[in-house]
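FYI, in my numbering the residues of the sequence shown are 2 to 258.
Report on the following structure.
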Amino acid sequence: MSLIFRTIQTEGIAELSYLVGDDDEGVGAIFDPRADVEIYVEMAREAGLAITHIFETHIHADLVSGSRELCARLESAKIYSSGEGGAEYGFGPEKIRDGDRFTFGEVLITARHTPGHTPEHMSYLLAETDHPDEPWAILTGDSLFVSSAGRPDLLGEKHTKELAEQQFHTLRDFYLKLPDHVMIYPNHGAGSPCGADIGARLSSTIGYERKFNKFLQFTDAKSFTDYAIQSAPPVPHYYPLMKRVNAEGPKVLGNLP
2 MSLIFRTIQT
12 EGIAELSYLV
22 GDDDEGVGAI
32 FDPRADVEIY
42 VEMAREAGLA
52 ITHIFETHIH
62 ADLVSGSREL
72 CARLESAKIY
82 SSGEGGAEYG
92 FGPEKIRDGD
102 RFTFGEVLIT
112 ARHTPGHTPE
122 HMSYLLAETD
132 HPDEPWAILT
142 GDSLFVSSAG
152 RPDLLGEKHT
162 KELAEQQFHT
172 LRDFYLKLPD
182 HVMIYPNHGA
192 GSPCGADIGA
202 RLSSTIGYER
212 KFNKFLQFTD
222 AKSFTDYAIQ
232 SAPPVPHYYP
242 LMKRVNAEGP
252 KVLGNLP
């Protein structure tokens, strides 16, 4: 196997998306694509990969999802979105559940439900098929960031406390039980309002975050909830609209001149 792993950084909104695949088998997946999807088409072509899966970690509030646009460009691809947390969509993605597994050559991807930032949030463990229970990395979406964690208040005050408590348990009962060597690859870098004071590095390890991430130091849900809510930056005014657009399914624009 020759693993293909690429990080695509979108300046301005500090968004990170990913290409993962196996070039021996010639197959791969895109995670959380942005709307201008040509970069993924070209990157996959250069790597000799057919993109068969487009994964979303959650219903985004900060940008227009490119999943439907990319799916329309790639005849071989389907969209895979979380079916957990009561998620509803105005289009027809394949709904996935906690523990679902997907194989791309010798690359094994396992979906894990990680609620807190949103109720439906999914993260994706990466492992080799020969060692399915020994992940080497996790795509954390907006759940766990470098030096931070996803804010719990984007669905409104009514849901904030419940989501903050879910985030506490996701961090303590899932992430902190992963081995220290596991790499984390989040959906955002420094400057994004999706988390408080996100670190400048684009990736980290569970071990490093265990030691230095403030959000991983709390041992009781109330203290964590208070901190998570108080530390959250102001919510950008367009976030509620963007979340509705992505839940309904952004319009496919095609090849614009």
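The C-beta atom is built at its ideal place from N, Cα and C for all residues, glycine as well.
Here the structure is a predicted model, which is why all the values come from computation and not from measurement.
Is Arg113 helix, strand or coil by DSSP? strand
Please report the residue range of the alpha helix (DSSP H) in which Ser232 lies. Ala222 to Ser232 is the extent of the alpha helix (DSSP H) around Ser232.
Does DSSP put Phe6 in a helix, a strand or coil? strand
First and last residue of the beta strand (DSSP E) that includes Thr141? Ala138 to Gly142
Stretch-stretch touch, CB-based, cutoff 8 Å, three pairs: the stretch 48–60 with the stretch 21–35: yes
Contacts around Pro237, its chain only, beta-carbon distance under 8 Å, and the 5 residues preceding and following it disregarded: Asp63 and Pro194
So Pro124 and Gly106 are supposed to be a Cβ contact under 8 Å. How far apart are they, rounded? Residue 124 is actually Ser in this sequence, not Pro. Not really, about 21 Å apart at Cβ, beyond 8 Å.
Applying the criterion that 16 or more other CB atoms from any shown protein chain within 10 Å of the CB defines a buried residue, is His1 buried or exposed? Here the chain has residues from 2 to 258 only, and residue 1 is not among them.
Taking DSSP as the reference, what is the three-state secondary structure of Arg102? Strand, per DSSP.
Own chain partners of Ile40 with C-beta closer than 8 Å, once the 5 adjacent residues on each side are dropped: Closer than 8 Å at the Cβ level, and outside the excluded window around Ile40, lie Ile9.
Within 10 Å of its beta-carbon, does Ala248 have 16 or more other beta-carbons around it, so buried, or fewer, so exposed? buried
Check whether the stretch 131–145 touches the stretch 81–95, taking contact to mean three or more Cβ pairs, one atom from each stretch, closer than 8 Å. no
Just confirm the distance between the C-beta atoms of Leu20 and Arg7, as a whole number of angstroms; I'd bet it's less than 8 Å. Contact holds; Cβ gap of about 4 Å.
Pro251 and Arg69 - do their beta-carbons sit closer together than 7 Å? yes
Separation of Gln167 from Pro241, as counted between CA atoms: 21 Å
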